[in-house]
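A.B. asks:
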Amino acid sequence: MKRWLERLGRIATVAGICGTVAWLVLLASSPQQPDAAHPERYAHRHEVRYVSAGTDLALQILLGSNFVLALVALGCRFATSDRRGGM
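Rendered as C-alpha cells:
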C-alpha cells in the first residue's frame, strides 16, 4: 500500500507541474487588452488578461485540477511519511 501511495503521489506531482505550466502558457499567451478574438476578462490576483470563452473555461478547469492534484500529492506524502523517527 505504501508503494502504491508513493507512486500515486509522484504521478500527482508531475501532473500538477504539467498543469501549472499549461496554465501559465495559456495565461501568458493571452493579450492584456481586449480584441475581437479575446472578449472575456480573466483576472487572477493583480493581473488581468483577456481570453476567449473556451480558454476561460480551460483556465478555470486547470486551476481547479491543479489544486486537487496538489492536495492528493500532499496527502500521499503525509500518508507515506515515517513519523516514528522524530523529524
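Using this note's numbering, the final residue of the sequence shown is 96, and nothing's skipped along the way.
Heads up, the beta-carbon is just placed ideally off N, CA and C, and yes, glycines get one too.
Note that the structure is a prediction, hence the values are computed from the model and not measured.
Answer with yes or no whether the minimum CB distance from ALA67 to chain B is below 8 Å.
C.D. replies: Absent here is chain B; the protein component of the structure consists of one chain.
A.B. asks: Just to check my reading of the structure: LEU35 and THR64 have Cβ atoms closer than 8 Å, yes? What is that Cβ distance to the nearest angstrom?
C.D. replies: So it is a contact: roughly 6 Å between Cβ atoms.
A.B. asks: If you measure between the beta carbons of LEU78 and TRP32, is that distance less than 8 Å?
C.D. replies: Cβ distance not < 8 Å, so LEU78 and TRP32 don't count as in contact.
A.B. asks: Just checking my contact of ARG58 with GLN41 at CB under 8 Å: how many whole Å lie between their CB atoms?
C.D. replies: Right, their Cβ atoms sit about 6 Å apart.
A.B. asks: Going by the CB atoms, is the gap between GLY28 and ASN75 shorter than 8 Å?
C.D. replies: Yes, the pair counts as a contact, with Cβ atoms nearer than the cut-off.
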